[in-house]
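As structure tokens, the structure follows; a few thoughts come after it.
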Amino acid sequence: MKLSRLALGISLLMPAPLIAKTLTGTVTDKSGEPIANATVEVEAAKLFTRTDSSGYFTLPEVNDEDYTLHVFAPGYAHLHYKGAASDPEKTDLVLAKSAIEVIDIHATPMHLSVMESSTPVSVLSGENLRRQQAATLGDTLEKLPGVQSNFHGNVASTPIIRGLSGPRVLVTQNGLDVSDVSRVGPDHSVASEASTANQIEVLRGPATLFFGSGAIGGVVNVVDKRVPTSNETQGEVLLEGQTVNSQKLASFNLTTGLDNFAFYADGFYRDADDYDTPVAPDIDEPSGEHTVENSAETSHGFTLGSSYLFEQGYVGLAVDKFDREYGIPGHSHGDEAVFADLSQTKWQMLGEYDFQDSFLQSAHFRVGVTDYEHVEIEGGAAGTEFSNQTNEARVELIHTPYAQWRGGLSLHYKTSEVFAQGEEAFTPPSDMEMFAVALMEERHFGDILLQLGARIERVTLDAPSVLLPELEAHDHDEEESEDDHDHDHEESEVIRQFSVAQEFTPVSISAGAVYTINESYNLGVSVSRSQRAPSASELLSFGPHIGTQTYEIGALFDLDADEDSQFVLSSSPIDLETANNIDLSFRKTQGELGFVFNVFYNQVDNYYYQIDTGLFAESGHDHDHDEEESSETETDEHTDELPVYLFRSADAVLHGFELQLAWQATDDLKVNVFTDYVKARLRDGGALPRTSPMRVGTHFEYTLDRLRADLDITHYAKQDDIASFETETAGYTLVDASVTYDIPLNTMDLSVYLSGENLTDTEARVHTSFLKNIAPRPGRNLAFGVRGYF
53 MKLSRLALGI SLLMPAPLIA KTLTGTVTDK SGEPIANATV EVEAAKLFTR
103 TDSSGYFTLP EVNDEDYTLH VFAPGYAHLH YKGAASDPEK TDLVLAKSAI
153 EVIDIHATPM HLSVMESSTP VSVLSGENLR RQQAATLGDT LEKLPGVQSN
203 FHGNVASTPI IRGLSGPRVL VTQNGLDVSD VSRVGPDHSV ASEASTANQI
253 EVLRGPATLF FGSGAIGGVV NVVDKRVPTS NETQGEVLLE GQTVNSQKLA
303 SFNLTTGLDN FAFYADGFYR DADDYDTPVA PDIDEPSGEH TVENSAETSH
353 GFTLGSSYLF EQGYVGLAVD KFDREYGIPG HSHGDEAVFA DLSQTKWQML
403 GEYDFQDSFL QSAHFRVGVT DYEHVEIEGG AAGTEFSNQT NEARVELIHT
453 PYAQWRGGLS LHYKTSEVFA QGEEAFTPPS DMEMFAVALM EERHFGDILL
503 QLGARIERVT LDAPSVLLPE LEAHDHDEEE SEDDHDHDHE ESEVIRQFSV
553 AQEFTPVSIS AGAVYTINES YNLGVSVSRS QRAPSASELL SFGPHIGTQT
603 YEIGALFDLD ADEDSQFVLS SSPIDLETAN NIDLSFRKTQ GELGFVFNVF
653 YNQVDNYYYQ IDTGLFAESG HDHDHDEEES SETETDEHTD ELPVYLFRSA
703 DAVLHGFELQ LAWQATDDLK VNVFTDYVKA RLRDGGALPR TSPMRVGTHF
753 EYTLDRLRAD LDITHYAKQD DIASFETETA GYTLVDASVT YDIPLNTMDL
803 SVYLSGENLT DTEARVHTSF LKNIAPRPGR NLAFGVRGYF
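With positions in the sequence shown counted from 1, the corresponding number in the working numbering is that position plus 52.
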């Protein structure tokens, strides 16, 4: 009795928020049926549980006087329930069905999802990810609204987000830069694998602030469990074969553990031949073979990870080894095909610590060390070599709610040493260092959620040895004599060799709001001003880039108007690229019909892009032209020449829309429709090159007991809004289908599937591809696979 009175006295002296209470309740649908395995969490407290088979849940030790429960389950709209200490401890929660799957993202410590954020985000996960996974990241994501692929011959495709790609789209693995050289050139593969991923997230607009100026166009975050946060034993295995390129794929991932330790392992192996096409790939040789030469690949990799789990968080370490050998279509010297041998070793350390009774609620840290290199092999000998050594660290400090504001501070540091050598090393070696501080906050004002963000960076770029070679560029329209143009492949003289040291201070700010109109509809708006420092390739390039069949010259140089086709150092200042963006989103979150409609307008000042100068230059390869060459070869005087492209900056405008609509027609049939469109132009007139065409796609999903059937029909419109020296691209329609049958097998769920892509065997040339004239999409492809879950 004395102890009880003492405890009562102490409790009366304690502030209300420190008095823990136990919450119990049920989660049901609107018809009163219990929802099992629904997640119930206390927002901003890192406290969660799941419902049992009867929909019942228990949440002990809830310390907040006023709290918000976040409740979600697959197939249902998310619910945010505000409670208070005076409320009954038993709470009955009701979830409404949602035709659009709502998935939380892991890329930022703030809560973001497709239907609840002021910023547009997309997530590919679960069965949809498995159904759409491809050998490249760009091809895996291309059916998401607003995302297309630059399709580089089925071997090195990267994502294009709202018409932006390359150095404007950051690819990360668990929130850390993937650290390859895929943003330097489209023929460079992304060093990340989709077959072992859990989900892939696409962020646009202000949501990219935690990642930096390199993400001005968007972020693609590949999420896996390499640093496990659970020791529950589960895993997945996959075996698949395809017909269009005789591809064979095997992959697995496994998570397990004991006591406070968790362990993870995954691995994959892929082998594919050159792929078949419906027509002769090269439009200039319509009678050729229907195979894209030099498009084969062999890749394999593995990951090992382990974590120590404790009551207030976890800390873990993982190592990943990724190897890929792939051909580069269009990249050949004479009869010698050129292929890339890529190798990457990545170390990642991730952790999280939840504080108690502190101003800080939690701290998240991510550390990555990456050693990347790829060598282009020519005739069995090493040619051009690229490497990237990256060190990165990011700490996110999330504070406890203060005056009802929730958010945190991010400290971000990254160094990158990019090195290239060889006759096609068009960018000199350079070192980049970046340090940034970012802040993101949000608060509810009744039915309005306000989200604010800001980031400031210091970016330095050092290149100790930049070359300005003598370049004999010329115009094919002019009359040429043998003296003017003799195809002498002697090495060019260097006019100047110098060092470059640039320092930039990009500043980005954003503001967004979500207005909940009623339980089914909300309206989101976000505005942002983001700045980006130009990349080393945009500034310093000067040389042949055979992967894109161009001779690239950076913005640090200029064409001398007083000299005949000579290049000199530019006198123009090197400015930050600044994007002023506004997004509007209208969403229906509940019911048998749901939709997300986004409209965006993006004005970019000092937009760095390449212009076709109309000049041509020698590729620089020393080929032997013996006397016995055919007359046809002798007359082709421009065989070893490349068009000269010069980086320039000008003001640009990109605007467009995305629509995603989902209709649960019956319990068994679901229909999804999407469309997207972007118009990209210079403010002074003229379209930007390789702009994504408009698309309209429909997906039918039918489930019956253990059987699932999917049908995709996607139409790509004709692209005739083109830049100077660019050609139009015809529209086309792709038809894909798959059938999956689930077989329970002891402790494993087995899925057997048959899928087909481009079933109509349609000729499809991708306008955003540098290789559209020599590498169309693959023809009809059938795939058979077996996937097991345990």
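Virtual Cβ for every residue (Gly too), placed ideally from N, Cα, C.
Check, Outcome
"Thr110 burial status per 10 Å Cβ neighbour count (16 or more: buried)", "exposed"
"Identity of the residue in Leu763, Thr755, Leu811 nearest Tyr793 by Cα", "Thr755"
"Where Glu629 falls: helix, strand or coil (DSSP)", "strand"
"Span of the alpha helix (DSSP H), counted from its first residue to its last, around Arg183", "178-184"
"Touch test, the stretch 490-501 against the stretch 542-558, Cβ-Cβ under 8 Å, three pairs minimum", "no"
"Neighbour-count burial assignment, Tyr768, 16 or more Cβ in a 10 Å radius", "buried"
"Sheet register partners of Phe320 (DSSP bridge)", "Ser303, Gly353"
"Start and end residues, alpha helix (DSSP H) containing Asp191", "189-193"
"Extent of the continuous alpha helix (DSSP H) run through Glu253", "Looking at the DSSP string, Glu253 is not in any alpha helix (DSSP H); the run it does join, the beta strand (DSSP E), is 251-255."
"Residue interval of the beta strand (DSSP E) (run including Leu196)", "From DSSP, Leu196 is part of no beta strand (DSSP E); its letter is neither H nor E."
"8 Å Cβ cutoff met for Thr307 and Asp326", "no"
"Three-state secondary structure assigned by DSSP to Ser580", "strand"
"Cβ neighbour criterion (16 or more within 10 Å) applied to Ala433", "exposed"
"Arg322 versus Ala243: straight-line alpha-carbon distance, rounded", "14 Å"
"For Asn798: DSSP bridge partner residues", "The partner list for Asn798 (beta bridge, DSSP) is empty, contrary to what the question assumes."
"Validate contact between the stretch 563-574 and the stretch 520-527 using beta carbons, cut 8 Å, 3 pairs", "no"
"heavy atom of the ligand SAM below 7 Å from Val656 C-beta", "By its list of ligands, the structure shown contains no ligand whatsoever, and the ligand SAM lies outside what it can speak to."
"Cβ neighbours of Ser351 in the same chain (closer than 6 Å, five flanking residues each side left out)", "Arg322, Arg376"
"Own chain partners of Thr78 with C-beta closer than 6 Å, once the 5 adjacent residues on each side are dropped", "Gly107, Tyr108, Asp144"
"Those residues which DSSP pairs with Glu809 across a bridge", "Asn833"
"Exposed unless 16 or more other CB atoms sit within 10 angstroms - verdict on Val94", "buried"
"Length-filtered (3 minimum) beta strand (DSSP E) runs lying within the stretch 623-667", "629-640"
"Exposure of Tyr528, with buried meaning 16 or more beta-carbon neighbours within 10 Å", "Here residue 528 turns out to be His, not Tyr, going by the sequence shown. That one is exposed."
"Contact the stretch 295-307 vs the stretch 247-264: 3+ CB pairs below 8 Å", "yes"
"Thr685 (DSSP reduced to helix, strand or coil)", "With a pLDDT of 43 at Thr685, under the threshold of 50, the modelled position of that residue is not reliable, and the figure given next carries that caveat. DSSP places Thr685 in helix when its eight states are reduced to three."
"Buried or exposed (CB count within 10 angstroms, at least 16 for buried), Lys82", "exposed"
"Other residues of its chain near Tyr661: CB distance less than 8 Å, five sequence neighbours each side excluded", "Phe699, Arg700, Ser701, Ala702, Ala704, Leu740, Pro741"
"Candidates Val296, Pro596, His240: closest to Asn810 by CA position", "Val296"
"Selected residue, minimal CA-CA separation from Glu292, among Gln554, Val804, Thr91", "Val804"
"Cβ-based burial, Met167 [other Cβ within 10 Å; buried from 16]", "buried"
"Counterpart residues of Ala704 in DSSP-defined beta bridges", "Val656, Leu734"
"Alpha helix (DSSP H) runs contained entirely in the stretch 358-384, provided each spans 4 or more residues", "none"
"Segment limits, alpha helix (DSSP H) that includes Ala588", "588-592"
"Beta-carbon spacing of His426, Leu394 below 8 Å", "yes"
"Residues bridged to Met401 (per DSSP)", "Leu369, Val419"
"Residue range of the beta strand (DSSP E) that includes Ile547", "546-556"
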